[in-house]
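In my numbering, the protein residues as written are 43 to 599. A virtual CB, placed ideally from N, CA and C, is assigned to each residue, including glycine. Values in this document were obtained by computation on a predicted structure and should not be read as measured data. Structure, as structure tokens:
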């Protein structure tokens, strides 16, 4: 199966793309977008990937925030490209044009903002002699202390109490002269009612003409008493193809914009400042550490060895924490499709039975065949389940190997799935319930046909019952009962695999935490052999390492 990969980190403005495992070619359209926001080209992605992959029908692994994942999916849907299988009226399943898998999830910008606040508090509570926290906070007070802005146009009559206590400044502009000087990434809400609609278009034109405003910032609240369709059309005539009509001042669309733009930009700028401070301190400590190593070579050799081991354990531990989401095997869906095909293809060339005895025998036979089909499906799913568990164990065991722990640790987590509770009961009676009977004229025999040709007047033939059992209805009934059960099994197995995946990862994570603690204690024992100044230097190193750990979590967690 052909596969594309798209990884986007909005906090480092880092975009990585691969097509069938390879980097984009030189002069690819992707190149110019790799250091900017995903939103700058998200509507073009379906066409760009179509050209690079020579058509659709490919898998796309996405790593990033959930909001960006959903926007990417919507971009494909808006381009007329299906991203999920669709069940047709016939019962057949049409595969998706592009199958998008959420491979690895980055935390949202609000979580990152909270982590930045935690780091700032840590800097206050954990001073270090080489880091001037007061200077740092003073120089960057505008970034860290100024709340985000939300501009309301002619909205003095709107209740904004829902924002009480939030780190958000509400500004109200009732006249054009009251518009703020800088509106970069500021959400702007136009309140349109009987009192403001006359001035609305003038306000909109002036706001649109500004270089620091784009269409994504504009939101419109239309009073219920006004003609919403008419006003929406007027907004469209002003060049806004898809007006963002909100139902409340705190509508989800406004919240999403805040998270995707001003809050995300705040995270980006904060990371740059933190990383600059880290790099500066690293250079200072690098020189001092080199001098210390010369003076205390033996002890430092032991400390460096332990620190190297701790770092390896931490790197692998972080890989278990920031692991990819488990990709459920597509073979599970394939097995379901095969089951559906078997059900629908049973005696495909025959349409009906017209005899009770024959129909009863056939119904019993179909029910038995259906049971066999379903047991085969369960066997296939069971085999996939076991194979996937083995692959999870193998993958995590390989990852643990890179920690160089050499302690022979293996996770003993188990997961047994009970397939015995899934079966198809005897459907013979359900099939026979589709019996249809109607009275029809008795078919003519050869004698009757000859008589009809020579007699001018023929008496009506007697009515006899005609019995019909529609096999297509049997197939539909079998699918109606079997396919939902198959889907239920697939969902349950998928959930069981995810739980197993998380439990095994947690098992390794907890063991690695224990090893890190043990190695850290050993390192501290060696540190006690150093002079006071040497110990202070090691404390500086440890402080910087903790600072770096928290910063990396903000950058890539």
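Nearest to residue 431 (by Cα), restricted to the options 449, 471, 539, 580: Residue 539 is the option with its Cα nearest to residue 431.
Secondary structure of residue 156, DSSP reduced to three states: In the structure shown, residue 156 falls within a helical segment according to DSSP collapsed to helix, strand and coil.
Contact set for residue 149: own chain, Cβ-Cβ below 6 Å, skip 5 residues either direction: 599.
Three or more beta-carbon pairs under 8 Å between the region 559-577 and the region 294-305, yes or no? Touching, no, given that fewer than three Cβ pairs across the two stretches are closer than 8 Å.
Beta-bridge pairing of residue 170 - partner residues as DSSP gives them: 173, per the DSSP bridge assignment.
Pull up the distance between the alpha-carbon of residue 88 and that of residue 142, whole angstroms please. Rounded to whole angstroms, residue 88 to residue 142 spans 12 Å at the Cα level.
Can you list, in chain order, the residues of its chain whose CB lies under 8 Å from that of residue 565, leaving out five sequence neighbours each side? The residues are 345, 348, 349, 352.
Three Cβ pairs or more, each shorter than 8 Å: is that satisfied between the region 105-113 and the region 60-72? With a cut-off of 8 Å, the region 60-72 and the region 105-113 do not count as touching, because too few Cβ pairs lie within range.
Grab the span of the beta strand (DSSP E) containing residue 106 for me, first residue to last. Boundaries of the beta strand (DSSP E) around residue 106: 100-107.
Taking three-plus beta-carbon pairs below 8 Å as touching, is the region 273-287 in contact with the region 247-262? Because the criterion of three Cβ pairs below 8 Å is met, the region 273-287 and the region 247-262 touch.
Would you tell me roughly how many angstroms separate the C-alpha atoms of residue 446 and residue 428, rounded to the nearest one? Between residue 446 and residue 428, the C-alpha separation is close to 28 Å.
Here's a check: name, in chain order, each residue in its chain whose Cβ is nearer than 8 Å to the Cβ of residue 603, leaving out the five neighbours to either side. Nothing in the structure corresponds to residue 603, since the chain is present only between 43 and 599.
Output the boundary residues of the beta strand (DSSP E) element that contains residue 474. Premise fails: residue 474 lies in the alpha helix (DSSP H), 470-474, not in any beta strand (DSSP E).
Start and end residues, beta strand (DSSP E) containing residue 215: Counting along the chain, the beta strand (DSSP E) containing residue 215 begins and ends at 210-215.
Can you check whether the CB of residue 268 is closer than 8 Å to the CB of residue 239? Contact: yes.
Say whether chain B places a C-beta atom closer than 8 Å to the C-beta of residue 582. Structure shown: chain B not included; a single protein chain is present.
Counting Cβ pairs closer than 8 Å, one from the region 504-521 and one from the region 315-327, do we hit at least three? Segments in contact, no.
Assuming residue 532 and residue 381 are in contact, meaning their beta carbons sit under 8 Å apart, how far apart are those beta carbons, in whole angstroms? Contact doesn't hold; Cβ gap of about 11 Å is too wide.
If you drop the 5 nearest sequence neighbours on each side, which residues of the same chain put their C-beta closer than 7 Å to that of residue 371? Closer than 7 Å at the Cβ level, and outside the excluded window around residue 371, lie 426, 430.
Assigned secondary structure, residue 295 (DSSP; H/G/I helix, E/B strand, else coil): Secondary structure of residue 295 (DSSP, three-state): helix.
Per DSSP, residue 146 forms a beta bridge with which residues? Beta-bridge annotation (DSSP): residue 146 is paired with 105.
In this structure, does DSSP put residue 606 in helix, strand or coil? Examination of residue 606 is not possible in this model, given that the chain is present from 43 through 599 alone.
For residue 526, the three-state DSSP class (helix, strand or coil): Under the three-state reduction of DSSP output, residue 526 falls in the helix class.
Check the DSSP bridge columns for residue 273 and list the partner residues they point to. None, per the DSSP bridge assignment.
Between the Cα of residue 460 and those of 404, 454, 423, spot the shortest distance and give me the residue it belongs to. Looking at the Cα atoms, 423 is the closest of the given residues.
In chain order, what are the residue ranges of uninterrupted alpha helix (DSSP H) at least 4 long that sit wholly in the region 295-351? Listed in chain order, the alpha helix (DSSP H) elements of length 4 or more contained wholly in the region 295-351 are 304-337.
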